[in-house]
Amino acid sequence: MDTKTEDVKFWIDKMMTEKGFSKYIIDISGSSSKGDGYLGEINFVKVVCDGKKGEKTVFDVVIKSAKTNDDLRKNTPIVETYEREISMYMKVAPAIRDFQNEYAIEQKFSNFAECYTTCLSHKMEAVLLVNLNSLGFSLHDRKVPQNFEHISFVFRTYALWHGCTLALKIRKPELFKNLTADMTDLYGKFIEMADMLPLWQEYFNIVIRILRKRGEDKVADKIIDKAGDIKTIMTKMTLEFDQEVEQEAVLLHGDGWNNNMMFKYKGNDFSKPVDVVLIDLQLARMASPVTDLSYYLYSVADKSSLKKFDVLLSTYHATLSNYLSQYNIDCENILTLKRLRESWKKYGRFGLLASPFILRAELSEDDEVIEFTEKAAEKSLNDIHLGDIKRQDDFDQRMVDVFKHFCEEFL
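For the sequence shown, full-length UniProt numbering gives the first residue as 1, with consecutive numbering after it.
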């Protein structure tokens, strides 16, 4: 067996030992594709086990493991991201589950994947999850905007998740403090260690040129004036926790773009999801809920959904309020709808400034995808040439719509 196969066997052996199986067959059925955006290696594995009475038990497993490149591990917080994700699955998720059960919550958050086991051994960091494909979940096509039905569903799901963390923070402050004590901002740390800010500045400059080319000079000027200082804004949004947001701060999903959530549908109607699972919890951190919402919205929405922004915000707030009421917590004492909108003006800049980076990756064909992890390992992110992609017209239009939306609503 080669090293990778040996690694897979090691992880599966650990999982099977914990589950009490001694006889099983391992079938490595595939791996992730270029452009999936994973900060690691992905292997899909089917394990067929023999039970004590001769019955067969099948586990469809996704193994997400850390890259082992020494330069990458030195120049990015790879190990810390796996520690964070493992903490989310092994500590935070069970605590949330028990907390909801204790209060007999009817409208529960249950939108994480089942985690079978984890590993934190050096260069063997891994998370083993149920393969959501086997349960009928699938990724939305990253090259196609998510429609209003998808976005509204995710906003409601984020309201439940954020509500969980707010309720836990209020009702069990010591437990919450222990669970989140070490949750530094790894998104900001990744940007800092990999020296990504010049690249983000170049993405911003590209959008400004697009706006001017489309005759949107007033929008471009306002954006430059209020959101053009990329270094200061991103530093304040990530590495420097804003005490102003302390009361409403939630534990974020942290990296909620198209490929970090999977949907389930009824039959062949793919226009309206009936369930969603949030995946990739490596960048979970404490911040304003607007950080999650804006990062997601501006990376998946087109003009038609952005026009319904007020409906989306009201949907989120109503869901959050209803969820918190199950704990006898009045949302109006924590985060009013008016305050949520005001927060978007400040913290929504995070999603705005991240959107060119995320959207270009979403719209790229496989042969256009930039392997940022490889560039980060080489400390050569700033050598990347951001030329046009095949879907450049789509990128241009989506960026115009997103930046005009922020400008018209908040500047």
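For every residue, glycine included, the Cβ atom is placed at its ideal position computed from N, Cα and C.
Computed from a predicted model, the values in this text were never measured in an experiment.
Mind checking who L128 pairs with in its DSSP beta bridge?
DSSP lists I63, T117 as the beta-bridge partner residues of L128.
If we ignore side chains and look at the alpha-carbon of each, how far apart do I63 and K177 end up?
Computed Cα separation, rounded: 30 Å.
Give the DSSP-derived three-state secondary structure of Y265 in the structure shown.
DSSP places Y265 in strand when its eight states are reduced to three.
Cβ-heavy atom distance, I210 to the ligand HEM, below 8 Å:
The model depicted lacks the ligand HEM and carries no ligand whatsoever.
Alpha carbon to alpha carbon, how far is D27 from F204? Give it in angstroms, no decimals.
Distance from the CA of F204 to the CA of D27, rounded to the nearest whole angstrom, comes to 45 Å.
Taking three-plus beta-carbon pairs below 8 Å as touching, is the segment 146-154 in contact with the segment 76-90?
Proximity of the segment 146-154 to the segment 76-90 falls short of the contact definition, fewer than three beta-carbon pairs being nearer than 8 Å.
Measure the CB-CB distance between Q107 and L160 and report whether it falls below 9 Å.
Inclusion of Q107 and L160 in the CB contact set at 9 Å is warranted, their separation being smaller than that value.
Reference R398; option with closest CA among N131, H385, L352
Cα-wise, what sits closest to R398 is L352.
Within this structure, are the beta carbons of G136 and Y295 separated by less than 9 Å?
Result no, Cβ atoms of G136 and Y295 do not sit closer than 9 Å.
Kindly list the residues whose CB is nearer than 7 Å to the CB of D185, restricted to its own chain and excluding five residues on each side of it in sequence; keep chain order.
Within the same chain, D185 has close Cβ partners T238, L239, R285.
Residue environment, G37, which counts as buried when at least 16 other CB atoms sit within 10 Å
Residue confidence for G37 is low, a pLDDT of 49 falling below 50, so the modelled location carries little weight and cannot support an answer.
Which residues does DSSP list as the beta-bridge partners of N43?
S31, I63, per the DSSP bridge assignment.
What number of angstroms, rounded off, separates the C-alpha of F263 from the C-alpha of D269?
Here the C-alpha atom of F263 lies approximately 12 Å from the C-alpha atom of D269.
What did DSSP end up calling D2 once you bin it into helix, strand or coil?
Annotation note: pLDDT 46 at D2 (below 50); position unreliable, coordinate value reported separately. Reduced to three states, the DSSP call for D2 is coil.
Do the segment 94-105 and the segment 133-150 meet, that is, are 3 or more Cβ pairs less than 8 Å apart?
Result no; under three Cβ-Cβ pairs closer than 8 Å.
Three or more C-beta pairs under 8 Å: does that hold for the segment 204-222 against the segment 136-146?
No, because fewer than three Cβ pairs between the segment 204-222 and the segment 136-146 fall closer than 8 Å, the two stretches do not touch.
Runs of 4 residues minimum, wholly inside the segment 48-96: which ones carry the alpha helix (DSSP H) assignment?
Taking only runs of at least 4 residues, the alpha helix (DSSP H) segments lying wholly in the segment 48-96 are 70-75, 78-87.
In DSSP terms, what I25 is bridged to
DSSP output for I25 lists V48 as bridge partner(s).
Going by DSSP, what residues sit across from P273 in a beta bridge?
DSSP, once it has assigned bridges, lists Y265 as partnering P273.
DSSP state of F410, grouped into three classes?
Of the three classes helix, strand and coil, the one that applies to F410 here is helix, per DSSP.
Which residues does DSSP list as the beta-bridge partners of M193?
DSSP output for M193 lists no bridge partner at all.
Contact check, A301 vs V402, beta carbons under 9 Å:
Contact check for A301 against V402 passes: the beta carbons are separated by less than 9 Å.
Among residues of its own chain, excluding the 5 on either side of F21, which ones have a beta-carbon nearer than 6 Å to its beta-carbon?
Short of 6 Å from the beta carbon of F21, and not among the five residues preceding or following it, lie these beta carbons of its own chain, in chain order: C49.
Through-space distance from I223 to K46, alpha-carbon basis:
Taking the CA atoms as reference points, K46 sits about 50 Å from I223.
Buried versus exposed call for H385 [16 or more other C-beta atoms within 10 Å across all chains shown]:
Around the beta carbon of H385, fewer than 16 other beta carbons lie within 10 angstroms, which makes this residue exposed.
Who pairs with S355 in a beta bridge, going by DSSP?
Note: S355 is not bridge-paired with any residue in the DSSP secondary-structure output.
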